[in-house]
Structure formats: C-alpha cells, structure tokens
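Each remark here refers to the structure printed beneath this line.
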Amino acid sequence: MTRRRLLEASLDTLSDVGLAGTTVSAVAARAGVSRGAAQHHFPTRDSLVEAALEEFFAERTQQLRSSVAKLSTGSGAAAVDAVDEVVTLIFGFFSNRPFHAALHIWAAASTDDSLRELIVPAEARYGREVYQLTALALNADLSDQHTRRLLGLTLDVARGLGLGSVLVDTRKHQNDAIKTWSRILDGIKRND
C-alpha cells in the first residue's frame, strides 16, 4: 500500500514540478508517508523514478489492452466507427497527466546518461506494445509495408499532439486530427 502510494505520488510530482523537483522527500510528503518509509522502499530518487516508470508503462499497457478488448469490431460503417474509437483511444493515451509526467523524465534523460539508460529500453518496450495493440485493435495486416508505416505514423502523430497538450489546450485540434487520421487509417490493409 505504501509503495503504491509512493509510485502514484511520484508520477503526480513529476507531472507538476518535473524531475528536478521530484525528490524522495517531496514524493513522501505528497504520499503522506515519512521520508524513512519512502527510503525503505526507494533509497534513491533514481530507484523511485525507475520503479515509477516501470509501473507507469505496465499500467498504461494493461489499460490499453483492456480498452482494446472492449472496442467494437465490424465491417463497413461499423469498421469506420471502430477506427475512430481506436484513434481516439490511442491519441488519448498520449495526451494526459501520466504522459506529461513521462515527458519530464524524457527531457531530463536527454542530459542524464544514467537516466537515459533506464528510459530508452522501457520506452522501446512500451512503444512496441502500443504498436501491437493498435494493430490488433484495427485488425491490421502487418505483412503490408504501407500499413506498418501508417501505424508507426499514428503513434508519432499521437505523441506530437500529446507534446503540444503540455503547453496549450489541443482538444479541438486533436478532435480534428482524429477525424482526419481515422479516414487515413480506414484504408489500411486488414487481416481476413
């Protein structure tokens, strides 16, 4: 229970004040636990950030997996609606507080070699998982090179919109992008 509260508080702290302000003491205070209890679970900020990232990626992947399982499937008009649902889901995963917290960590990792060593493999695993789940949700034929490229671009567009949402309200732009990108993805090759 304490560990869980610390991990949640670390993501909130990262999102609010960035990596520089995310200390074990600040996270402990936010979680409502003593510094000693926090250090029992996470002796250093790096160990706390690493665990928070692993938890973040595991939770986000599980949430996406569950959401994909709930999406409707079909053909014709139902398939177009399903594409809209998938694009809305994917874009939403890159435009929220947990994503904003991750951005702070990625920015810090650009100048911190030890942090980069933690981030790059975790981000690569997460990216592959999101890509595979997106392909599954769209019933995409991954043997088709054009389809694979469009799926990769989908994640790039989602990340870009998510990055923009850190500074300004991008909801209207994101809604327009979802409509446009859904029409583009409606033409991908699908598995039979």
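Residue numbers for the sequence shown follow our numbering, so the first one is 54 and each next one is one higher. Beta carbons are placed, not taken as given, at the ideal position from N, Cα and C, and that holds for glycine.
Mark residue i as exposed unless 16 or more other C-beta atoms lie within 10 angstroms of its C-beta, in which case mark it buried.
{"i": "SER148", "result": "buried"}
{"i": "GLY85", "result": "exposed"}
{"i": "LEU64", "result": "buried"}
{"i": "GLU170", "result": "exposed"}
{"i": "HIS226", "result": "exposed"}
{"i": "GLY215", "result": "buried"}
{"i": "LEU186", "result": "buried"}
{"i": "THR75", "result": "buried"}
{"i": "HIS157", "result": "buried"}
{"i": "THR207", "result": "buried"}
{"i": "VAL173", "result": "exposed"}
If you draw a straight line from the C-alpha of residue i to the C-alpha of residue j, how long is it?
{"i": "SER120", "j": "PRO96", "result": "35 Å"}
{"i": "ALA73", "j": "ARG243", "result": "45 Å"}
{"i": "ASP194", "j": "LEU60", "result": "37 Å"}
{"i": "ALA135", "j": "LYS123", "result": "11 Å"}
{"i": "GLY217", "j": "ALA190", "result": "25 Å"}
{"i": "THR223", "j": "ASP209", "result": "16 Å"}
{"i": "ILE241", "j": "GLU112", "result": "29 Å"}
{"i": "GLN198", "j": "ALA91", "result": "48 Å"}
{"i": "PHE4", "j": "ILE231", "result": "Outside the displayed span of the chain (54 to 245) sits residue 4, for which this structure offers no information."}
{"i": "MET54", "j": "LEU101", "result": "15 Å"}
{"i": "ALA62", "j": "ARG202", "result": "37 Å"}
{"i": "THR114", "j": "GLU176", "result": "11 Å"}
{"i": "PHE146", "j": "ASP165", "result": "26 Å"}
{"i": "GLY89", "j": "ASP239", "result": "54 Å"}
Which same chain residues, not among the five before or five after residue i, have their C-beta less than 6 Å away from its C-beta?
{"i": "ALA79", "result": "THR66"}
{"i": "LEU163", "result": "Reading off the sequence shown, one finds Ser at residue 163, where the question assumed Leu. Excluding positions up to five away in sequence, the list is empty."}
{"i": "SER68", "result": "ARG150, HIS153 and ALA154"}
{"i": "ARG56", "result": "HIS94"}
{"i": "THR141", "result": "ILE231"}
Excluding five sequence neighbours on each side, which residues of the same chain lie with their C-beta closer than 7 Å to the C-beta of residue i?
{"i": "ARG236", "result": "none"}
{"i": "LEU220", "result": "none"}
{"i": "ALA188", "result": "LEU195 and LEU204"}
{"i": "GLU182", "result": "THR114"}
{"i": "ALA160", "result": "none"}
Per DSSP, which one or two residues make a beta bridge with residue i?
{"i": "ALA193", "result": "ARG243"}
Could you pull out every residue in the same chain whose Cβ sits closer than 8 Å to the Cβ of residue i, ignoring the five residues on either side in sequence?
{"i": "GLY205", "result": "TYR184"}
{"i": "LEU106", "result": "ALA155, ILE158, LEU171, ILE172 and ALA175"}
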